[in-house]
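Written below as structure tokens is the structure these notes are about.
Protein chains: 4
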Amino acid sequence: MNDRKFKMGLIGGGGKGFIGRVHVTAATLDREAELVAGAFSSDPNKALSYAVDFGVQSERAYATYEKLLQQEQLLSNSEKVDFVSIATPNHTHAKIAVAALRSGFHVICDKPMTTNLEDAKSLVEVVAETNKVFALTHNYSGYPMVRQAREMIRNGDLGELIAVRVSYKQGWMHGMDTEVIPERGAWKSDPMLNGRAGSLGDVGTHAFHLLRFVTGLIPLSLTCKMSSYSKHHNLDDYGQAIIQTTVGATGSVLWSQVSHGRLNDLTLQVDGTKGALEWHQEDPNRLSYGRFGKPTMTYERHPGAGYTTDSARMACRLPPGHPEAFYEAFANIYRDAYVQMRESDQWSNKSVDRDENLCPTVEDGLEGVMFTHLCLESDSEESSWVPWNL
Amino acid sequence: MNDRKFKMGLIGGGGKGFIGRVHVTAATLDREAELVAGAFSSDPNKALSYAVDFGVQSERAYATYEKLLQQEQLLSNSEKVDFVSIATPNHTHAKIAVAALRSGFHVICDKPMTTNLEDAKSLVEVVAETNKVFALTHNYSGYPMVRQAREMIRNGDLGELIAVRVSYKQGWMHGMDTEVIPERGAWKSDPMLNGRAGSLGDVGTHAFHLLRFVTGLIPLSLTCKMSSYSKHHNLDDYGQAIIQTTVGATGSVLWSQVSHGRLNDLTLQVDGTKGALEWHQEDPNRLSYGRFGKPTMTYERHPGAGYTTDSARMACRLPPGHPEAFYEAFANIYRDAYVQMRESDQWSNKSVDRDENLCPTVEDGLEGVMFTHLCLESDSEESSWVPWNL
Amino acid sequence: MNDRKFKMGLIGGGGKGFIGRVHVTAATLDREAELVAGAFSSDPNKALSYAVDFGVQSERAYATYEKLLQQEQLLSNSEKVDFVSIATPNHTHAKIAVAALRSGFHVICDKPMTTNLEDAKSLVEVVAETNKVFALTHNYSGYPMVRQAREMIRNGDLGELIAVRVSYKQGWMHGMDTEVIPERGAWKSDPMLNGRAGSLGDVGTHAFHLLRFVTGLIPLSLTCKMSSYSKHHNLDDYGQAIIQTTVGATGSVLWSQVSHGRLNDLTLQVDGTKGALEWHQEDPNRLSYGRFGKPTMTYERHPGAGYTTDSARMACRLPPGHPEAFYEAFANIYRDAYVQMRESDQWSNKSVDRDENLCPTVEDGLEGVMFTHLCLESDSEESSWVPWNL
Amino acid sequence: MNDRKFKMGLIGGGGKGFIGRVHVTAATLDREAELVAGAFSSDPNKALSYAVDFGVQSERAYATYEKLLQQEQLLSNSEKVDFVSIATPNHTHAKIAVAALRSGFHVICDKPMTTNLEDAKSLVEVVAETNKVFALTHNYSGYPMVRQAREMIRNGDLGELIAVRVSYKQGWMHGMDTEVIPERGAWKSDPMLNGRAGSLGDVGTHAFHLLRFVTGLIPLSLTCKMSSYSKHHNLDDYGQAIIQTTVGATGSVLWSQVSHGRLNDLTLQVDGTKGALEWHQEDPNRLSYGRFGKPTMTYERHPGAGYTTDSARMACRLPPGHPEAFYEAFANIYRDAYVQMRESDQWSNKSVDRDENLCPTVEDGLEGVMFTHLCLESDSEESSWVPWNL
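Residue numbers (our numbering), protein chains in the order written: chain L, 9 to 398; chain X, 9 to 398; chain Y, 9 to 398; chain G, 9 to 398.
In structure tokens, the structure reads:
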């Protein structure tokens, strides 16, 4: 453990939602950081009043994110925040991230990164220009067994890839009262605030990132069909995309927020010429590895087993059978970002191998926005195939 | 139990394959029928020599199916076969079925019913004309919990349907030696004998029938994308279709015979506005019923439980917890066919409510062939949407 | 398949119970036998009237088992029954079996074999004396994956055995109306008819046989604690025994018929110095094999996999993923008995290796009765350790 | 969140073991406490050098626990530790806890509380005398679904209890090299340091506490049989106890550290006259609820579902489907202790309802030591029944 702890500022995340607290718990799980400042809401009064929920001293609670960035810059290096975490509605990610980066802060940003391609592309440029760390919380890629899957595929344990299927199913829209504006997340139903992608942006982008992260497959073109079944709003709440990849493997992404009985059912299946993998987010400590004519093997999250890959081992905190879960995976994104921050801020003279750093980047964010963009485009054109163009 | 047992003739089904024996075991499971005659191969010598494997007396073993139909017609009513079961390669189903029906025999036929639309439509006409019973062995619809699912949906337990996903995944193609012609099933790789649909015809049609049987949803149009990953042949071995239905619900059908670790993984998921169901063929005695905010319930195959529907109860032979499986489901198709045969042959004066008889019909067969036809058409036209036209 | 089919007589098994029909279905599943005669109830009128349910001709339906044995003996060899299956209340097994054996018939008998040790020992002698085949339907030993477990242990895949735990849990007693005598199985609550062992005899003996069959461990002594929780009767409905074995391994047997939510939950766990196994009767086609530091492997019932043992392969009828279940396992007991009968009756000149024949014998029956006897003895003496004395 | 954070001192827990880090992560998960001091090993040099691993400043790292207690007492109230967590070998728990309590500090102590009854009884007295908070980390009682089970039973959802079975199985002893003294945990094999109970103390006591916590059943007497199969040491590594309870229900506790393929398999099953429950530590977010003739229901950890009990809801941090696991359960023990500390230290004027506080107490610790004591006694007397005497 390092002497020095990172100082965290949180933008958004106050009130009834849970994601702000998740950011703080994940960021501080390994005691590598502490929350010292925040602008916890877009409503200036709430922004201040929520500070007490987070144990942030009133002098470091700000009415707006602009004030936070402005004031924190004026503090000494040992006092001011090292990074800000952005947990605001989707349409504000881009402008806040740009402002924070330009103010000299590293950024940890919720997904989807932006609500349109232009913002995403600009953000890529600003990250390059400012040379600050930018991490996107595609937290499911933080699970040890997801990283195990990725490394097994890179090691050739599956042979050449044939197909990958990722589905992300929830059912909470059936719990919405269509007469009442929800206390939290109301912006998710407003295309101006949320973007034109409904469940596609909310969960579909996670599924797509998981596909990309684990398989490394590069899209060539895709077709998409979406629907809106809930009375709750007019955005998509069910959809699927088929992806043609550059090497011929087929990708399938399916998302739903109208599936009764599904809580947070993110499922991954990968088929290769030599073997196949399956993983379920709600049973995250196991990974199933099947091969023709051989018994299917259940790989456990296991820091000490011979079959465990390096990246999976690095992502573990506990012995096998002592389950790890959502917080730990989320914290792994932060931990990876801290490695980059240490190098960037010269706390550590260990150079980070970007190829080996598993932390989702601004480029991953751009890919997610491109995926969203193309899904909307294909769906609006009778599910025609649209080319990937990054 | 009735005094009189049906007399069965088997066409094809001898040798290394298992489906002939499955037909006989299923047909006789409840001791309502006995196998008395057969033409067990397209090779006349084998057709005769296989008889001993089935315990059929040599005088009722025939060198060809034509001889079987011809000779059996000459026997007395109490001696001759009541029906023939067709377990031959796909491209021969139509002509054998037509000949058998015209010879006055009921027909139980393997799926896919025919390898092209014309044959399928002719067969529909011949069935109507001869007024004999024709049943197609979409055996997975014989499982009690599949029937439970169907009845729950008809009872409104799921509300309006939103989406249905059926996938059928196997991996055996990875076990094929591409240098050697397989001892059995070689015809499955030959488009002349198998039809142009590879895995689509072999397992995709089962998945489609399950979708239709359980949900009753009627296709409006579909789009399909298929691939051929195995070196084994050039037909599809992986594919998926998205189905637009007349009521707006989305159907998804996925098939694969190149998924390592999958044996016979036929899985059904149905989402409705009030609830959702899930069923797995490899764990057939359970059906999962989920509703938002309520605990997911595991319905067991249970002839005596209050939650069991009539059609599921009728399909049970054993108390709960005493698992039933593949043979019993297959036998239920036969049992349903026997009910129709008894009425048709006036053994019973109980009239069969065709709407309530769950036995797959020649119309179901036509639908399956149409599905295959349209999938091939869409795939060959860049996955464009093609209208359902029955 | 052999030309000649065995002729079966059924004693008991008529009416509301399901076990008589199970015997017939299992006996005839492979079309190696046919039911030709029966005495289907201890009530002479019912004994005759139930014949129609089984498709047995009235001239071969007998009012009593004595008449059946007497009359069938007078028929020609090609007409008379080769064996009788006994599906009567427990206390009658011994006398019927003895009479049948002495009348020259092979016997397939329900478990528990007898309700007391004296009867069991006499029966062992009569079997030896008459030299007829005697098989006990410990049907759970017929499952392919149970046989796989047995053979793996004999092959040393588990090293030296440490412990084996078998539990058999049901919950149906909670469905009994304590005010009403049940239509079927009422005798199970009457110590005169059922024996003094309640659930111990009904399910505990199955669990014990499974332990013995799979592990081959020989008891040295045991301690037992039983209870009666149901208002339904005063016999045990919950109990457990701990078994010290000759090689030091610990055996645990637990039985219950008062566990809500359990249907027919027979579970086996075996620990050895090199590996461990787990199997569940309600998911019978899988066997889990765990080893320290290695991924747990799921062995499937699979006639063609490299890991499948000979005895498991011989017990399969269908390809993997096409589930087999209760009937097939029960039928495997019959199939094994037929092999013995063929040798005994010189239909086949293939000598049966008794050590390799997996069919439960009269000695297994005696062991089961001894287990029951000692459990009752230990429980009545404050769970003191009682020595095994066979 | 409260303004003031608790200050934590850690005794033991440094080096290769993981439990020290678990204590710190759990204690600080909700940012209600911070680690400020420690004596991290019984080896004074290590005690100091490990401080850096925990981010503890060198002036608050102590060579011995005695020094820690002595020096911290001298600090101001706002500086000194509020509580110490004891993560040392078992035989030292008692003396350290007594010293800490007498020095005015609250204590969080690893289980088993002590290695003999006398120490346990003394500790009960010292807690009463000093009136400080004493919590024992029976962390598995911190899982939301364990608390749900407990509350459902208290609410009568299971009717009268019939039986409870808890088993705790691990397999790591098969990974021990018997020639080499392990780098960590070597004391666990030394009866002087570990106590006479091997796996019984290590995992059996957790199982027993879970039984007591969930069911509230009070032992009347017990019988126990233990074995030592590993070559690793001569203490028990496999055992089971049967518990007669005051209300007639039967308790079963089984423990093993020699079961291949088991990681941390703590399983709970409870049978009552109206329903039954099942829970698995390795799948902690689900609880299965079965009732005769009704579908088994899967209760999810779900802060917002109608079926969730208050104590389960209070134990949740995340929405359903976003899995929580080991750390969160461990943290719930700390959270409960903090509630007591706040009252004790008058930070809060909210009085704690001791009956409702779920935090394991010194009395629970005494019960665990009694359980261990009686198991050893029964086992040494041929598994005779020994009376519970608290």
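Just so it is clear, CB atoms sit at the ideal spot from N, CA and C, and this is done for glycine as well.
Nothing here was measured: the structure is a model prediction, and the numbers come from that model.
is_contact[residue i, chain L] using C-beta, thresh 9 angstroms
i	result
G/Asp210	no
X/Phe26	no
G/Val106	no
G/Glu336	yes
X/Glu385	no
X/Tyr409	The question about residue 409 of chain X has no answer, for chain X in this structure spans 9 to 398.
Neighbour flag for residue i against chain G, beta carbons, 9 angstroms
i	result
Y/Ile226	no
Y/Met9	Caution is warranted here: a pLDDT of 47 is assigned to Y/Met9, below 50, making its placement in the model unreliable, and the coordinate value is therefore given only provisionally. Closer than 9 angstroms: no.
Y/Gln248	yes
L/Leu18	no
Where the beta strand (DSSP E) through residue i begins and ends
i	result
Y/Cys367	Per DSSP, Y/Cys367 belongs to no beta strand (DSSP E) and is neither H nor E.
X/Ile226	Segment: none, X/Ile226 is in no beta strand (DSSP E) and carries neither H nor E.
G/Lys15	Phe14 to Gly20
Y/Ala143	Phe142 to Leu144
Y/Ala95	Phe91 to Ala95
Neighbour-count burial assignment, residue i, 16 or more Cβ in a 10 Å radius
i	result
X/Leu398	exposed
G/Met200	exposed
X/Val255	exposed
Y/Asp372	buried
X/Ser5	For chain X, the structure presents residues 9 to 398; residue 5 of chain X sits outside this window and is missing.
Y/Gln265	buried
G/Pro52	exposed
X/Asp90	buried
Bridge partner(s) assigned by DSSP for residue i
i	result
Y/Met322	Answer is none; Y/Met322 lacks a bridge partner.
X/Arg173	X/Ser260 and X/Gln277
G/Lys233	G/Gln248
Y/Arg395	The sequence shown places Pro at residue 395 of chain Y, not Arg. Y/Pro395 pairs with Y/Ser229.
CB contact check: residue i to chain Y, cutoff 9 angstroms
i	result
L/Thr306	yes
L/Ala313	yes
X/Lys15	no
Residue i Cβ short of 8 angstroms to the ligand COA heavy atom set
i	result
Y/Gly280	Here there are no bound small molecules, and the ligand COA is not part of this structure.
Beta carbon proximity, residue i to chain X, threshold 9 angstroms
i	result
L/Ile170	yes
Y/Ala41	no
Y/His69	Looking at the sequence itself, residue 69 of chain Y is Ala, so the reference to His does not match. Answer no: the Cβ-Cβ gap between Y/Ala69 and chain X never drops below 9 angstroms.
Y/Pro328	yes
G/Tyr151	no
Range of the contiguous alpha helix (DSSP H) that encloses residue i
i	result
X/Ser114	Residue identity differs from the one stated: residue 114 of chain X is His in this sequence, not Ser. Taken as a continuous stretch (DSSP letters only), X/His114 belongs to no alpha helix (DSSP H), being part of the beta strand (DSSP E) at His114 to Cys117.
X/Met200	Pro199 to Asn202
Please specify which runs of the alpha helix (DSSP H), each continuous and at least 4 residues long, are wholly inside the segment 246-272 of chain Y, giving them in chain order.
-> none
Unbroken beta strand (DSSP E) runs of length 3 or more, entirely within the segment 266-315 of chain L: which are they?
-> 273-280, 284-288, 294-298 and 304-308
Tell me the start and end of each unbroken alpha helix (DSSP H) in the segment 31-75 of chain G that is at least 4 residues and wholly inside, in chain order.
-> Fully enclosed alpha helix (DSSP H) runs of 4 or longer: 52-57.
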